[in-house]
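*Asks:* Residue numbers -2 to 132, in this note's numbering, belong to the letters of the sequence shown in order. First, the structure itself, so that you have it in front of you.
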Amino acid sequence: MRGVLFDDDRILLVREKEDGGWSLPGGWADVGLTPAEVVVKEIFEEAGLRAEPERLLAVLDKRRHGHPPYPNDTYKIFIRCRVVGGIAGGGLETSEVGWFPRDALPPLSEKRNTAGQLALMFGYLDDPTAPAVVD
């Protein structure tokens, strides 16, 4: 699950302690939680922000989007959310939080998200009515 949050023309990214790269806040699905519950939990744990899910944007097969090799098949679910509270800050797995415009993205944690995926997410900022993408 990956949470997609925008502030005007900037996207929220968190810096991963594991590799120093930046990613959309998110993580593995937890047993017993819905996708919406997971993304809200992950945004709070990794970015310190309270969020509400608004819309499914994409379900992508990790093998088809330029991620480094991984032993398991994994689907990545991207959900657009809006901030409803909290204070931005890192968490147990993240060290920083930042809002970035599409033309000034930091080095990404490519095992979590790719430049192409972020470009796809910015496409939803340009056209909020675009249909969800499903591999």
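The beta carbon of each residue, even a glycine, is placed where N, CA and C say it ideally should be. It should be emphasised that the depicted structure is a prediction, and the values quoted were computed from it without experimental measurement.
Between which residues of its own chain and GLY0 is the CB-CB distance below 7 Å, once the five residues before and five after are set aside?
*Replies:* For the purposes of this step, residue 0 is taken as residue 3 along the sequence shown, with counting starting at 1. Closer than 7 Å at Cβ, skipping near neighbours: LEU21, PRO22, GLY23, VAL36, GLU39, ILE40, ALA48, ILE76 and CYS78.
*Asks:* Among the residues of its own chain, which have a CB less than 6 Å from the CB of ALA33, if the five just before and after it don't count?
*Replies:* As a working mapping, residue 33 is identified with position 36 in the sequence shown. Here the set comprises PRO50.
*Asks:* Suppose you measure from the CA of TRP25 to the CA of GLU90; what does that come to, to the nearest Å?
*Replies:* Within the sequence shown, numbered from 1, the residue matching residue 25 stands at position 28. Within the sequence shown, numbered from 1, the residue matching residue 90 stands at position 93. Each residue's alpha carbon lies about 13 Å from the other.
*Asks:* If you follow the alpha helix (DSSP H) that GLY120 is part of, which residue opens it and which one closes it?
*Replies:* As a working note, residue 120 is residue 123 in the sequence shown. Start and end: 112 to 123.
*Asks:* Take GLY18 and list the residues in its own chain whose beta-carbon comes closer than 6 Å to its own, dropping the five residues that flank it on each side.
*Replies:* Here the question's residue 18 lines up with position 21 in the sequence shown. Same-chain partners within the cutoff: PRO104, LEU105 and SER106.
*Asks:* Cβ of LEU54 within 8 Å of Cβ of MET118?
*Replies:* Residue mapping note: residue 54 aligns to position 57 of the sequence shown, counting from 1. Residue mapping note: residue 118 aligns to position 121 of the sequence shown, counting from 1. Yes, the Cβ-Cβ distance between LEU54 and MET118 is below 8 Å.
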